[in-house]
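Shown next, in structure tokens, is the structure this report addresses.
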Amino acid sequence: KEKEKMSVLVIGAGPKLGTALGAKIGKGLGLTAVLCRRGQRGGAKEEMENSLTHLRGLGVKAEGRYCDARDEEQIKNLVEDVETNVGPIEVLVHNVGANIGYVPLSETSSRVYRKVWEMCCYSGFLACREVANRMKTRKQGCIIVTGATASHRAQAGYSAFASAKAALRATVESCAREYAPEGVHVAHVVIDGGVAGTPIIQEALGDDYERMRKEKRLVEPESVAEHYLHIAQQPRDSWTFESTLRPFAEPFGRL
1 KEKEKMSVLV IGAGPKLGTA LGAKIGKGLG LTAVLCRRGQ RGGAKEEMEN
51 SLTHLRGLGV KAEGRYCDAR DEEQIKNLVE DVETNVGPIE VLVHNVGANI
101 GYVPLSETSS RVYRKVWEMC CYSGFLACRE VANRMKTRKQ GCIIVTGATA
151 SHRAQAGYSA FASAKAALRA TVESCAREYA PEGVHVAHVV IDGGVAGTPI
201 IQEALGDDYE RMRKEKRLVE PESVAEHYLH IAQQPRDSWT FESTLRPFAE
251 PFGRL
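1 is the number of the first residue of the sequence shown in full-length UniProt numbering; add one for each residue after it.
So, in structure tokens, the structure goes:
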């Protein structure tokens with residue numbers, strides 16, 4: 001009954017992975033799922049409505065919010081809104097994507113470099129800070145941040161994305177060390193492989209996409225969500241800080 005009054009906040013709730021995370025954690029823990037994404041343009045509003053309809057069809061209480069995760073005041077207002085009008089945040093998922101693809105260093109503008117850092121790292125810092133401080137007062141809660149292969153390895157042509165993901169991981173690790181003694185579980189999940197259903201993967205693989213998905217060579221959003229739910233349910237004597245998810249055919253040597 002206590003959980004029914006609490007919430008899971010998913011920042012970066014796209015129609016695939018973000019929605020799956022809200023659905024799985026909301027249903028699994030009996031929390032109200034709050035899906036948050038940046039704006040309502042280009043079909044985003046319709047995608048949000050479809051996501052909320054999907055969650056409600058599964059029996060999950062769900063609400064939508066719009067927020068630029070790079071804006072400090074907007075993040076503060078979002079967290080205050082959810083805590084006051086929905087319920088205390090029991091689980092925070094930071095799932096903001098910023099992979100702009102291959103861009104040589106010589107062609108990477110300072111504007112793009114800064115923007116990717118803001119989307120990946122700065123937004124994670126803001127979200128973790130605002131939510132962790134509230135969880136600390138309750139002596140409970142779980143924060144899960146989505147990482148990538150680039151969190152550990154910088155490939156040529158990915159200077160902006162890799163540096164931002166590495167900085168995000170360091171921020172999350174510092175947060176975990178600081179808040180674990182206060183009863184707040186902070187985890188970083190590296191997704192080492194393409195996530196099925198995402199436009200960047202579909203475009204990159206082209207005609208091979210459907211075959212690779214059928215052969216289980218891509219990470220399914222529902223499988224990732226199941227793992228996040230497991231982390232959120234871990235007992236205090238066995239907390240995961242970092243885990244890596246990859247399809248069976250993805251080479252370990254990439255990390």
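Backbone N, C-alpha and C define an ideal beta-carbon position, used for all residues, glycine too. For clarity, every value in this text was computed on a predicted model and none was experimentally measured.
Residue pairing for SER243: DSSP places it in a beta bridge opposite VAL189.
Distances from the CA of ALA249 to each of ARG213, GLU118, ALA69 were compared; the closest alpha carbon is that of ARG213.
Shown here, GLY57 sits in a helix according to DSSP, grouped into three states.
The beta carbons of HIS227 and VAL189 sit closer together than 8 angstroms.
Rounded to the nearest whole angstrom, the CA to CA distance from VAL79 to GLN202 is 33 angstroms.
Contact between the segment 148-163 and the segment 93-112 is present, with at least three C-beta pairs closer than 8 angstroms. In this structure PRO199 is exposed. Its beta-carbon is surrounded by fewer than 16 other beta-carbon atoms within 10 angstroms. Judged by their CB atoms, ALA69 and GLY12 are nearer to each other than the 8 angstroms cut-off.
Taken through DSSP and simplified to helix, strand or coil, GLU203 comes out as helix.
Leaving aside the five residues that flank ALA44 on each side, the residues in its chain whose CB is nearer than 7 angstroms to its CB run, in chain order, ARG37. Just so you know, the alpha carbons of GLU83 and GLN74 end up roughly 14 angstroms apart. Per DSSP, the beta bridge partners of VAL219 are VAL195. By the Cβ neighbour-count rule, ALA225 is buried, with 16 or more other Cβ atoms within 10 Å of its own. Under the three-state reduction of DSSP output, ARG65 falls in the strand class. Burial check for ALA23: the Cβ neighbour count within 10 Å reaches 16 or more, so the residue is buried.
If you look at ILE75, you'll find it in the alpha helix (DSSP H) that goes 72-85. Per DSSP, the continuous alpha helix (DSSP H) segment holding ARG129 begins and ends at 123-138. Of the other Cβ atoms in all chains shown, fewer than 16 fall within 10 Å of the Cβ of GLU49; this residue is therefore exposed.
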